[in-house]
Amino acid sequence: MPATTPTTYDPALDAQVFWVRHRMEVAVGLIVLLLALSSYGGFRFYRDRRNAAAAVSLSGAKSEQELRKITDEYGNTPAGAAAQLLLAEKQQGEKKYADANATLQRFVDQHPKHELVTTARMAMAANLESLGKEDEALANYQRLVANYPLSYNAPLALLSQVHLLKAKNKIEDARHVCETIMTQHRDSFLAQEASRQLRTLRPPNGASSADRMPASIGPPPAGTPPSRP
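Once you know that position 106 of the sequence shown is 226 in the numbering used here, the rest is easy, because the numbers rise by one and skip nothing.
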């Protein structure tokens with residue numbers, strides 16, 4: 121049998137063959153990559169300039185109209201978020217509670233991961249109380265606790281429910297809220313206030329130990345003969 125010639129492997133030749141066969145796909149891929157990098161760089165440049173412009177505008181904004189203009193033009197920037205909070209504070213100070221809540225809702229919608237989202241939601245609930253909408257305020261406090269149980273505002277949202285529940289004569293629910301603060305947020309400075317509130321809340325259909333004491337306990341009336349041993 122004739123001897124077979126061993127097959128030789130030439131990496132350079134294989135690379136050339138691959139390039140000839142796939143040069144169009146490789147070229148298109150490189151172009152797409154360059155365009156993506158260029159677009160990302162352009163976006164970052166635009167975003168940075170926009171953030172800087174918003175910050176400059178905020179530094180000189182004092183009136184409600186100026187703050188509103190920033191929220192309209194730069195609402196999705198960090199400075200725009202700050203302007204929304206400042207605007208809501210001004211509106212609240214002027215007792216424009218419905219307007220303040222509309223501003224805060226816009227802040228929450230545009231910045232759902234902002235570190236002050238729970239603070240904004242607390243302010244919204246307080247504004248609802250000021251508008252006389254206690255049921256909506258209570259629902260907002262309860263929703264905050266359910267959605268942000270580990271938030272620093274969670275114990276405050278719980279405690280804010282107590283007076284609303286007392287007003288609705290839901291004493292057992294109010295007691296449960298106080299107990300929740302004392303067990304789940306025992307390290308919070310509000311735990312002591314929750315304990316104080318709990319002592320003022322008598323269980324329904326029950327009485328304090330002092331109320332349950334017999335009426336005869338106390339000094340005997342004058343002229344009553346001493347009892348025999």
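Every residue, glycine too, gets a C-beta built ideally from N, C-alpha and C. No experiment lies behind these values; they were computed from the predicted model shown.
Three-state secondary structure (DSSP) of residue i
| i | result |
| --- | --- |
| Arg-241 | helix |
| Leu-236 | coil |
| Ala-181 | coil |
| Tyr-268 | coil |
| Glu-249 | helix |
| Thr-197 | coil |
| Arg-322 | coil |
| Ala-327 | Because Ala-327 carries a pLDDT of 49, less than 50, the predicted location of this residue cannot be relied on, and no value is offered for it. |
| Phe-163 | Note on Phe-163: pLDDT 46, under 50, position unreliable in the model; the coordinate value appears next. DSSP places Phe-163 in helix when its eight states are reduced to three. |
Delimiting residues of the alpha helix (DSSP H) encompassing residue i
| i | result |
| --- | --- |
| Ser-280 | 274-287 |
| Glu-214 | Where Glu-214 is concerned, there is no enclosing alpha helix (DSSP H), given that its DSSP letter is neither H nor E. |
| Ser-308 | No alpha helix (DSSP H) holds Ser-308; DSSP gives it neither H nor E. |
| His-296 | 291-304 |
C-beta contact flag for residue i and residue j at 8 Å
| i | j | result |
| --- | --- | --- |
| Leu-278 | Val-265 | yes |
| Leu-310 | Gln-281 | no |
| Phe-227 | Ala-246 | no |
| Asp-234 | Ala-274 | Per the sequence shown, residue 234 should be read as His rather than Asp. No, the Cβ-Cβ distance between His-234 and Ala-274 is not below 8 Å. |
| Ala-172 | Ile-190 | no |
| Tyr-194 | Ser-177 | yes |
8 Å Cβ shell around residue i - same chain, five flanking residues per side excluded
| i | result |
| --- | --- |
| Ser-315 | Cys-298 and Met-302 |
| Thr-223 | Thr-191, Gln-204, Leu-207, Ala-208 and Gln-211 |
Cβ shell of residue i (< 7 Å), same chain only, five flanking positions each side left out
| i | result |
| --- | --- |
| Asn-196 | Gln-230 |
| Ser-328 | In this prediction, Ser-328 scores a pLDDT of 46, lower than 50, which makes its location untrustworthy; the coordinate-derived value is nonetheless stated afterwards. Answer for Ser-328: Arg-322, listed in chain order. |
| Phe-163 | Its pLDDT being 46, under 50, Phe-163 is placed unreliably by the model, and the measurement read from it follows with that caveat. Counting only Cβ-Cβ distances below 7 Å, and skipping sequence neighbours, we find nothing. |
| Ala-220 | Ala-208, Gln-211, Gln-212 and Asn-247 |
| Glu-313 | Leu-279 |
| Pro-198 | Asn-171 |
| Tyr-268 | Thr-238 and Ala-274 |
Close beta carbons around residue i, own chain, < 6 Å, minus the five adjacent residues each side
| i | result |
| --- | --- |
| Leu-285 | Asp-293 and Ala-294 |
| Glu-249 | Ala-257 |
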